[in-house]
Amino acid sequence: MMFQLCYVSTSASSENEILMDLRDILGEARDFNVQHDITGVLYFADKYFFQCLEGDEDAIKILYEKLKNDKRHYELRNFQPKTIQTAHFSKWAMKYVNRSGDVHDYFKSLGLDGFQPYELKDEEIDHFLVKLYELNADQV
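Below, the structure is given as structure tokens:
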């Protein structure tokens, strides 16, 4: 059994800073996650982050406390944490999915105007994770 925690937040970075910040965030996440046997996915578009973490509950809770204090984002809102049988993103310490029209279309199918992660409901998370898994699935 594994623990899963997904959350959304808003970037505090300017347009000039975001590429550098994304590179740093992914590097830090991958290093920490490898050391703590955590896997996950990060999606960024329209100033919003969506991240899902999977692994040991204690390690993820420690990481989430660190994330809450990270000045590169604000307004963190987590979805209902849960126990899962298998990780969606076991191939990746932290998969990054580039901005995608498929994600935009998924949110449109929910009646939303593009990527609006704060509007996701807990029961929509699994379907969104499948969508993120399918995008760039061959990327390591």
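Counting in the UniProt record's numbering, the sequence shown runs from 1 upward without gaps. Glycine included, C-beta positions come from ideal geometry on N, C-alpha and C.
Apart from the five residues on each side of it in sequence, which residues of its chain come closer than 7 angstroms, Cβ to Cβ, to residue i?
i    : result
H104 : G114, F115
Can you tell me which of the options puts its alpha carbon nearest to the alpha carbon of residue i?
i   : options               : result
L19 : R99, K108, Y106       : R99
D46 : V130, G111, F107, G55 : F107
Please list, in chain order, all residues of the same chain as residue i whose beta carbon is under 6 angstroms from its beta carbon, the five residues on each side excluded.
i    : result
V34  : A93
V140 : A caution first: V140 carries a pLDDT of 48, below 50, which makes its placement in the model too unreliable to give a value.
F79  : C6, D122, I125
Y133 : H88
In terms of DSSP beta bridges, what is residue i paired with?
i   : result
N78 : Y7
H73 : S11
M2  : I84
Y48 : T10, A45
Buried or exposed for residue i, please, with buried defined as at least 16 other CB atoms from any protein chain shown within 10 angstroms of its CB.
i    : result
G55  : buried
H127 : exposed
G101 : exposed
T39  : buried
Q51  : buried
I62  : exposed
L129 : buried
Near residue i, which residues of its chain fall below 8 angstroms by C-beta distance, leaving aside the five closest residues on each side in sequence?
i   : result
R77 : Y7, V8, S9, Y118
M1  : T83, I84, Q85
D37 : G55, D56, A59
Please confirm if the segment 84–104 is in contact with the segment 7–15, defined as three or more CB-CB distances below 8 angstroms between the two stretches.
No contact exists between the segment 84–104 and the segment 7–15.
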